[in-house]
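Asks: Convert by adding 16 to the 1-based position in the sequence shown; the result is the number in this note's numbering. Ideal Cβ positions, reconstructed from N, Cα and C, are used throughout, including at glycine.
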Amino acid sequence: MPTHRVRTRPPRTPLDAPPIVHDRDTLGAYLEDAAHYPGGHADAVAFPKTEGEVAALLRGCPRVLPIGAQSSVTGGATPMGEVVLSTARMNGVLAIIGDRVRVQPGVAISSLQETLAGTGRYYPPFPTYTGAFAGGVVATNASGAGTFKYGSTRGWVEALTVVLAQGDVLDLARGEVRAHPDGYFEIEYAGGGGSEDPPYDGAAHDGRVVRVPVPTYRMPDVAKRSAGYFAEPEMDLIDLFIGSEGTLGVITEITLRVLPRIPAVALALVCVPSEAKAVWLVAALRRAAQQTWRDRDPRGLDLAAIENMDGRCLAMLREDGVDRKHDVTFPDGTAMALLMQVELASETTSERAYEEIGNALSPGAPDTPLVRLCRLLDAHGALDATELALPGDAKRRQQFLDVREAVPTAVNQRVGEAKRLTGQEIEKTAADMVVPFERFDEMLEIYHEGYRRRGLDHAIWGHISDGNVHPNVIPRTIDDVKKGKDAILEFGREVAKRHGCPLAEHGVGRSPIKQALLKQLYGDHGVSQMRAVKRALDPDGKLAPGVLFTE
Ligand SMILES: Cc1cc2nc3c(=O)[nH]c(=O)nc-3n(C[C@H](O)[C@H](O)[C@H](O)COP(=O)(O)OP(=O)(O)OC[C@H]3O[C@@H](n4cnc5c(N)ncnc54)[C@H](O)[C@@H]3O)c2cc1C
């Protein structure tokens, strides 16, 4: 068989109807995701446990929306009349062998991490919200703080099982199916005489071959790009499904690569009095880490992530008492706080680390990663405004992480409050953009200036080590929301000019502004190429209709 062609198989378990709930109270919990996208509605939610039940549901329903933990911030997991397919009961960790883990899609990343930790393993590229399910994370090609060192989800997915729209199943292992040099894949639907038990009589099983075209747009060359379908010459078919946001198939099994060790991590919270100085410091830290990886230098500074919170974020944390609650102080005049994840040798003890820090600036100090960190911070005048949570200090570490996580919560609360006070359809108005780090300082200024020019209160935070931030409006009126959307479209154009991606890690979903950014990025032609992929794999538009682009 040519390597661009793959054959489907029938489901391995009986095509039984899954449990379906119509009761309003139960349904109520599934009508919106973390984007609080308005108008969510559905008449039924199904809880399949097997691929056969998933296939039966797909064959029996005209419109289906697969969901994970519904932590989508794009409305992608908000039903608009489809039957909701919850993966919550497909939540097993099936096997851990070597540096691979095979899981069902409904496993939460937090419980996956816990199971892996019990065996001394670790899954690095997880999103900040660890309640997200493995299926959702793959379907959105999620990234996280650790993307700086470890990349996005895509690079860690080794195999997938996907149930296609008509109930046929594809098993995909990385490296096995590559696009034809002329730009297409072929899906051969298994004939009716398939020998699987039980007998399978799927309507699509007539041995026909469907051609799936590979889009020709060029994806931006940045670490994060959850912007519609992945496309590259001679790409791997598995990559088409990663990041496809539920529109091409239901992911029912995932094999992820994992690290065979758990890194010892110190967190450093650094308060910097100007944004320009903070960006300068981040640039130096990035260079040091990249040098360490290049040289495989055990004494080098090894950073997995640098997160940032601007002055407005810190003001909200103070207003909400988050700093006091977690016993964290942001000195007056802090323009940007940075939270770094520093990876250390697993044998590093707290006593040893304290000793190294205490002597870091003395001429005879040993050359270690922590000493190098302290010296670099000192050279940038930032050492005195730094606090470290060392590997053994789980409490302090959690406090730092809680403070960082409180930022989106603080913004969401203010959006909710404005909605309540004005009674208007105020919504979260947020961008998720990435540029090559060399262009980040320019872009940061453009975000601020674009919001300021429109008189918008705003906060910016995110994953600065990737050049990826979330510029959010803190809206007071519906007019602020409209102006904020206008600003986001402007940012999207500026990001594209700088070879970045205006849809970095959250995906596109149902959000009209994100769908507009997708069109802006790839043009009408690019979006119609995505539609052609969708038509080939899901001709009836059954799966997640309205997600990525309008029906
Ligand atoms: C506080 C907070 C912090 C966040 N931080 C990050 C971050 O750091 N990085 C990041 O990338 N994202 C982040 N997110 C967004 C979100 O967590 C991710 O997009 C996550 O990957 C979604 O997973 P989920 O299980 O909640 O999927 P859902 O929200 O349920 O679904 C998301 C999309 O995936 C599809 N889908 C879900 N399961 C399947 C399946 N089995 N088969 C096919 N399609 C499926 C759905 O149809 C939908 O289009 C954050 C969200 C919140 C609320």
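Taking C-beta to C-beta, are Ile270 and Val154 nearer than 8 Å?
Replies: A contact, by the Cβ cut-off of 8 Å.
Asks: Taking its Cβ as the centre, do 16 or more other Cβ atoms sit within 10 Å of Asp554, making it buried, or is it exposed?
Replies: Burial call: buried.
Asks: For Met449 and Leu110, what's the separation of their Cα atoms in angstroms?
Replies: Each residue's alpha carbon lies about 35 Å from the other.
Asks: Does the Cβ of Ile267 lie closer than 7 Å to at least one heavy atom of ligand 1?
Replies: Answer for Ile267: yes, Cβ within range of ligand 1.
Asks: According to DSSP, is Cys77 part of a helix, a strand, or is it coil?
Replies: Three-state DSSP puts Cys77 in coil, outside helix and strand.
Asks: Using the Cα positions of Pro26 and Gly152, report the straight-line distance between them to the nearest angstrom.
Replies: Whole-angstrom Cα-Cα distance: 24 Å.
Asks: Under a Cβ-count criterion, where at least 16 other Cβ atoms within 10 Å of its own Cβ denotes burial, should Leu73 be classed as buried or exposed?
Replies: Leu73 is buried by the Cβ-count criterion.
Asks: Assuming Glu605 contacts Ala195 under a Cβ cut-off of 8 Å, what Cβ separation, rounded to an integer in Å, is found between them?
Replies: Outside the shown range of the chain (17 to 567) lies residue 605, about which nothing can therefore be said.
Asks: Thinking just about the alpha-carbon of each residue, which of Ser102, Gly349, Ala51 and Pro528 is nearest to the one in Phe63?
Replies: The option with the nearest alpha carbon to Phe63 is Ser102.
Asks: What's the gap between the Cα of Pro95 and the Cα of Ile529?
Replies: Cα to Cα, the separation comes out at about 18 Å.
Asks: Does the beta carbon of Glu521 fall short of 7 Å from some heavy atom of ligand 1?
Replies: The answer is yes for Glu521.
Asks: Let me check you understand the geometry: is the CB of Gln429 closer than 7 Å to at least one non-hydrogen atom of ligand 1?
Replies: Incorrect: Gln429 has no Cβ contact closer than 7 Å to ligand 1.
Asks: Taking the alpha carbon of Val497 as the reference point, which residue from Gly483, Asp540 and Arg430 has its own alpha carbon closest?
Replies: Among Gly483, Asp540 and Arg430, the Cα nearest to that of Val497 is on Arg430.
Asks: Within the continuous alpha helix (DSSP H) that includes Leu533, where are the two ends?
Replies: From DSSP, the alpha helix (DSSP H) with Leu533 extends over Pro528 to Leu553.
Asks: Quick check on this structure: which residue in Leu519, His20, Ala133 and Arg241 has the alpha carbon closest to the alpha carbon of Val193?
Replies: If we check each option's Cα against that of Val193, His20 comes out closest.
Asks: Is it true that the stretch 312-321 meets the stretch 353-361, where meeting means three or more beta-carbon pairs spaced less than 8 Å apart?
Replies: Touching, yes, given that three or more Cβ pairs across the two stretches are closer than 8 Å.
Asks: Using the Cβ count rule (16 or more neighbours within 10 Å means buried), how would you classify Lys558?
Replies: Lys558 comes out buried.
Asks: Sorry if obvious, but does the Cβ on Ala158 come closer than 7 Å to a heavy atom of ligand 1?
Replies: Ala158 Cβ: within cutoff of ligand 1.
Asks: Just how far apart, CA to CA, sit Val563 and Gln531?
Replies: Roughly 9 Å separates the two Cα atoms.
Asks: Going along the chain, which residues of its own chain have a beta-carbon closer than 7 Å to the beta-carbon of Leu393, five neighbours each way excluded?
Replies: Cβ neighbours of Leu393 beyond the five flanking positions: Val286, Leu399 and Thr402.
Asks: Please report how far the alpha carbon of Tyr139 lies from the alpha carbon of Val274, in whole angstroms.
Replies: In a straight line, the C-alpha of Tyr139 is about 5 Å away from that of Val274.
Asks: Taking only the alpha-carbon atoms, compute the straight-line gap between Met546 and Arg340 and give it to the nearest angstrom.
Replies: So the two alpha carbons sit approximately 49 Å from each other.
Asks: Please go through the stretch 319-396 and give each complete beta strand (DSSP E) segment of 3 or more residues, from N-terminal end onward.
Replies: You should have 319-326 and 352-360.
Asks: Could you give the C-beta distance for Ala148 and Ala158, rounded to a whole number, given that I count them as a contact under 8 Å?
Replies: The Cβ separation is near 7 Å, so the contact holds.
Asks: Which whole runs of the alpha helix (DSSP H) in the stretch 429-470 are 4 residues long or more, in chain order?
Replies: The stretch 429-470 contains these whole alpha helix (DSSP H) runs: 456-469.
Asks: If you pair each beta-carbon of the stretch 462-474 with each one of the stretch 504-512, do three or more pairs fall below 8 Å?
Replies: Touching, yes.
Asks: Checking 8 Å against the spacing of the C-beta atoms, do Val295 and Asp457 come in under that value?
Replies: Yes.
Asks: Can you say whether Glu441 is buried or exposed, counting buried as having 16 or more other CB atoms within 10 angstroms of its CB?
Replies: Answer is exposed; the Cβ neighbour count stays below 16.
Asks: Please name the residue, chosen from Ser481, Tyr467 and Asp383, that lies closest to Val3 on a Cα-to-Cα basis.
Replies: The question about residue 3 has no answer, for the chain in this structure spans 17 to 567.
Asks: Cβ of Pro143 versus every heavy atom of ligand 1: is any distance shorter than 7 Å?
Replies: Correct: Pro143 has its Cβ closer than 7 Å to ligand 1.
Asks: Have a look at Gly91, Gly76, Asp495 and Glu48 and flag the residue whose alpha-carbon is nearest the alpha-carbon of Val524.
Replies: The candidate whose alpha carbon is nearest that of Val524 is Gly91.
Asks: Any heavy atom of ligand 1 within a distance shorter than 7 Å of the CB on Pro528?
Replies: Every heavy atom of ligand 1 is 7 Å or more from the Cβ of Pro528, so no.
Asks: Check whether the Cβ of Asp418 lies closer than 7 Å to any heavy atom of ligand 1, and answer yes or no.
Replies: No.
Asks: For my contact list, Leu472 and Lys499 are in at a C-beta cut-off of 8 Å; report their separation, rounded to the angstrom.
Replies: 6 Å between Cβ atoms; contact.
Asks: Write down the C-beta distance between Val179 and Val266 rounded to the nearest angstrom, noting that I regard them as a contact closer than 8 Å.
Replies: Going by Cβ atoms, the distance from Val179 to Val266 rounds to 5 Å, so yes, they are a contact pair.
Asks: Alpha carbon to alpha carbon, how far is Pro141 from Asn484?
Replies: The alpha-carbon atoms of Pro141 and Asn484 are separated by roughly 15 Å.
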